[in-house]
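Chemist: The following block contains the structure, expressed as structure tokens.
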Ligand code: CMP
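In our numbering, the protein residues as written are 11 to 162.
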């Protein structure tokens, strides 16, 4: 079963939207398998956003992502990497479609509330940055049989 890294960013916590954002994923039927609250340090930010470190917007991104706590999570489900990216919408809240998390709650390119892995490779890399293997909990949700048919 596929897993993806989802991080609820400082703007999410500062605006008191964490519960509503986590609910979107629970309501969709995705399974939460890891969760921790932490403050991203500048070192961790550079590791997580390694592909953006040389970009002009990086200093502002680092300042933002280290400014307040975040909640790091891992969700599991069929095609979960694509499903979660679709639920988030485009990077900029100004361009994200209505109905998506960013389309409904963000008006910013930087303060877009939730980060999610964009590929299997980044999911594997990002999960390993934030979680030890034994922090990922394998469990069967009792209602799982009402979320997908056998073999789906
Ligand atoms: P995220 O999905 O976490 O991936 C990289 C983050 O950098 C992105 O969300 C935004 O928060 C931020 N970002 C991307 N592009 C820009 C930009 N042009 N200016 C400022 N921040 C950006």
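For each residue, glycine too, the CB sits at the ideal point set by N, CA and C.
On a predicted model such as this, the values are computed, not experimentally measured, just so you know.
Got a sec? Which residues, its chain only, sit under 7 Å from residue 44 by beta carbon, not counting five neighbours each side?
Modeler: The residue you call residue 44 lines up with position 34 of the chain shown. Counting only Cβ-Cβ distances below 7 Å, and skipping sequence neighbours, we find 83, 84, 141, 145, 146 and 147.
Chemist: Within this structure, are the beta carbons of residue 108 and residue 76 separated by less than 7 Å?
Modeler: Numbered from its first residue, the chain shown carries residue 108 at position 98. Numbered from its first residue, the chain shown carries residue 76 at position 66. Their beta carbons are not under 7 Å apart, which means residue 108 does not touch residue 76 by this criterion.
Chemist: Is DSSP giving residue 121 helix, strand or coil here?
Modeler: As a first step, residue 121 is located in the chain shown; it is residue number 111 there, counting from the start. In this structure, residue 121 counts as coil in the three-state DSSP scheme.
Chemist: Three-state secondary structure (DSSP) at residue 171?
Modeler: Since the displayed the chain opens at 11 and closes at 162, residue 171 lies outside it and no answer follows.
Chemist: Can you tell me whether residue 58 sits near the ligand CMP, meaning its C-beta is under 6 Å from at least one heavy atom of the ligand?
Modeler: If you number the chain shown from 1, residue 58 lands on position 48. Because no heavy atom of the ligand CMP lies under 6 Å away, the Cβ of residue 58 does not count as near it: no.
Chemist: In angstroms, rounded to a whole number, what distance separates the CA positions of residue 23 and residue 156?
Modeler: Taking the first residue of the chain shown as position 1, residue 23 is located at position 13. Taking the first residue of the chain shown as position 1, residue 156 is located at position 146. About 31 Å.
Chemist: Beta-carbon within less than 7 Å of residue 133's beta-carbon, same chain only, minus the 5 sequence neighbours each way: which residues are those?
Modeler: Translated into positions along the chain shown, residue 133 becomes position 123. Answer for residue 133: 13, 14, 15, 91 and 127, listed in chain order.
Chemist: For the segment 36–76, list the beta strand (DSSP E) runs that are entirely contained and at least 3 residues long, ordered along the chain.
Modeler: Whole beta strand (DSSP E) segments, 3+ residues: 41–48.
Chemist: Report the three-state DSSP secondary structure of residue 115 (helix, strand or coil).
Modeler: Within the chain shown, numbered from 1, the residue matching residue 115 stands at position 105. Here residue 115 sits in helix by DSSP.
Chemist: List the residues that DSSP assigns as beta-bridge partners of residue 83.
Modeler: Locating residue 83 in the chain shown gives position 73, where the first residue counts as 1. Answer is 16 and 45.
Chemist: Let me know the secondary structure DSSP gives residue 133 once reduced to three states.
Modeler: In the chain shown, the residue the question calls residue 133 occupies position 123. Helix.
Chemist: Could you confirm whether any beta carbon from chain B is found closer than 7 Å to the beta carbon of residue 154?
Modeler: Absent from the structure is chain B; it holds one protein chain and no more.
Chemist: Sort 143, 130, 110 and 131 by Cα distance to residue 124 and report the nearest one.
Modeler: Taking the chain shown and counting its residues from 1, one reaches residue 124 at position 114. Residue 124 has its Cα closest to that of 110, out of 143, 130, 110 and 131.
Chemist: Evaluate residue 116 with the Cβ neighbour count: other Cβ atoms within 10 Å of its Cβ, from every protein chain shown; 16 or more gives buried, anything less gives exposed.
Modeler: Position 106 of the chain shown, counting from 1, holds the residue named residue 116. It is buried - the Cβ of residue 116 has at least 16 other Cβ atoms within 10 Å.
Chemist: Looking at C-alpha atoms only, which residue of 143, 47, 72 and 121 is the closest neighbour of residue 55?
Modeler: In the chain shown, residue 55 corresponds to position 45, counting from 1. Checking every option, the nearest Cα to that of residue 55 belongs to 72.
Chemist: Exposed or buried, what is residue 47 when buried is set at 16 or more other beta-carbons lying within 10 Å of its beta-carbon?
Modeler: Within the chain shown, the letter at position 37 stands for residue 47. Per the 10 Å Cβ criterion, exposed.
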